[in-house]
Amino acid sequence: VQGASSNKRLGSTEMTLKAGTYVFSAYFKAATAEKAGARLGYVPIGDDGTPGNYAYDADYVNDITDTEWVTKSYMFTLTEEQTICLVVMNPKSPGKDLLIDDASLKTEDGGIVGGGGVDPEPEQGNLVINPGFENWTAALPTAWDNATYNTGITKEASIVHGGNFSVKQDATATN
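FYI, the numbering used here numbers position 159 of the sequence shown as 162, with every residue one higher than the one before it.
Spelled out as structure tokens, the structure:
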């Protein structure tokens with residue numbers, strides 16, 4: 004995500020999640036020798052498709068260098084079924100170029116509404132939703148209509164197409 008004198012955001016495709024607690028994680032590295040910053044969050048999407056107010060982790064990831072990857076996690080709770088887009092902000096201060104890798108969304112008590120194509124649907128365990136940054140758009144919320152996204156759902160080693168993210172069940176989960 005290119006840095007600028009204003010906040011820049013990278014957002015996922017929309018996903019409808021069940022009520023529950025989620026942990027959104029990603030790895031960060033500065034794209035140049037100048038230190039970068041980042042902040043994790045999400046934006047709720049209304050029934051009419053209108054984005055709501057951003058919900059961010061209170062803590063920024065500061066002083067990210069180009070020498071090693073840094074991981075950050077943001078835990079949030081949805082009290083009811085909600086359509087959201089995950090968001091990574093590259094803040095205007097310091098406003099430097101940022102690399103992002105291995106984003107994931109995990110839950111033990113929530114999940115994707117409708118199961119997201121996973122068969123059988125996990126009953127309990129650690130469901131990992133990997134949104135795949137390669138197909139996110141950096142223009143949220145103003146460019147919803149022009150966004151295109153990759154599809155594909157993965158459960159363990161098998162691939163089932165349909166959906167807007169990958170689902171990988173943790174080895175500790177039960178079916």
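C-beta atoms are modelled at their ideal positions from N, C-alpha and C, and glycine is treated no differently.
All figures in this text were calculated on a predicted structure; none of them were measured in a lab.
Should residue i go down as buried or exposed, given a rule of 16 or more other Cβ atoms within 10 Å for buried?
i: residue 56; result: exposed
i: residue 92; result: buried
i: residue 15; result: buried
i: residue 106; result: buried
i: residue 7; result: exposed
i: residue 116; result: exposed
Taking only the alpha-carbon atoms, compute the straight-line gap between residue i and residue j and give it to the nearest angstrom.
i: residue 42; j: residue 74; result: 11 Å
i: residue 19; j: residue 35; result: 36 Å
i: residue 47; j: residue 11; result: 18 Å
i: residue 9; j: residue 84; result: 32 Å
i: residue 5; j: residue 81; result: 30 Å
i: residue 67; j: residue 96; result: 12 Å
i: residue 86; j: residue 54; result: 10 Å
Can the beta-carbon of residue i be found closer than 9 Å to that of residue j?
i: residue 58; j: residue 49; result: no
i: residue 76; j: residue 31; result: no
i: residue 23; j: residue 114; result: yes
i: residue 99; j: residue 38; result: yes
i: residue 89; j: residue 40; result: no
i: residue 104; j: residue 72; result: yes
i: residue 3; j: residue 62; result: Because the chain here runs from 4 to 178, residue 3 falls outside it and cannot be looked at.
Problem - Inside the stretch 71 to 116 only - beta strand (DSSP E) runs reaching at least 3 residues - result: List check, beta strand (DSSP E) in window: 73 to 81, 85 to 93, 101 to 110.
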